[in-house]
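Report on one structure; see the data block that follows.
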Amino acid sequence: MAVAAYERSAGTTRTPKQAAAAAVEHARALVAADDVEQACRVAVDAYDAGRAIGSERARQAVRDFRAGLGSVPARFTCELDDRLHNSYLEDA
1 MAVAAYERSA
11 GTTRTPKQAA
21 AAAVEHARAL
31 VAADDVEQAC
41 RVAVDAYDAG
51 RAIGSERARQ
61 AVRDFRAGLG
71 SVPARFTCEL
81 DDRLHNSYLE
91 DA
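The sequence shown begins at 1 in the UniProt record's numbering and counts up one residue at a time.
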């Protein structure tokens, strides 16, 4: 139900920061619906959006999302983990 609500609201007008925050919440809803693979794709998009607009809050929300996933198969998290790792290297 929550996933459908996020999908219906995707076309609404939002600021880029609001859209990134909504994407992270959408990813959380997807995890709750046992769609970890899609959740990670949505989180990657949210991270990229946050990075593009310089929003540390959006990027932190994605990091928190990933930390909350715990141990899941790498095939689902590989791209997200790469983004987070590369960002760490760039910021160091």
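Positions of the beta carbon are idealized from the N, C-alpha and C atoms, including for glycine.
So residue i packs on residue j, CB below 8 Å; how close in whole Å?
i: Arg59; j: Arg66; result: Going by Cβ atoms, the distance from Arg59 to Arg66 rounds to 11 Å, so no, they are not a contact pair.
i: Val44; j: Glu79; result: 5 Å
Closer than 7 Å by C-beta to residue i: which residues in its own chain qualify, once you throw out the five before and the five after it? Chain order, please.
i: Arg28; result: Phe65
Could you pull out every residue in the same chain whose Cβ sits closer than 6 Å to the Cβ of residue i, ignoring the five residues on either side in sequence?
i: Ile53; result: Pro16
i: Thr77; result: Cys40
i: Glu56; result: none
Taking the alpha-carbon of residue i as reference, which of the options has the nearest alpha-carbon?
i: Asp82; options: Arg57, Tyr47, Gly68, Gly70; result: Tyr47
i: Ser87; options: Val72, Val62, Arg75; result: Val62
i: Asp34; options: Ala21, Leu69, Glu90; result: Leu69
Where does residue i sit, in a helix, a strand or coil, going by DSSP?
i: Val72; result: coil
i: Gly54; result: coil
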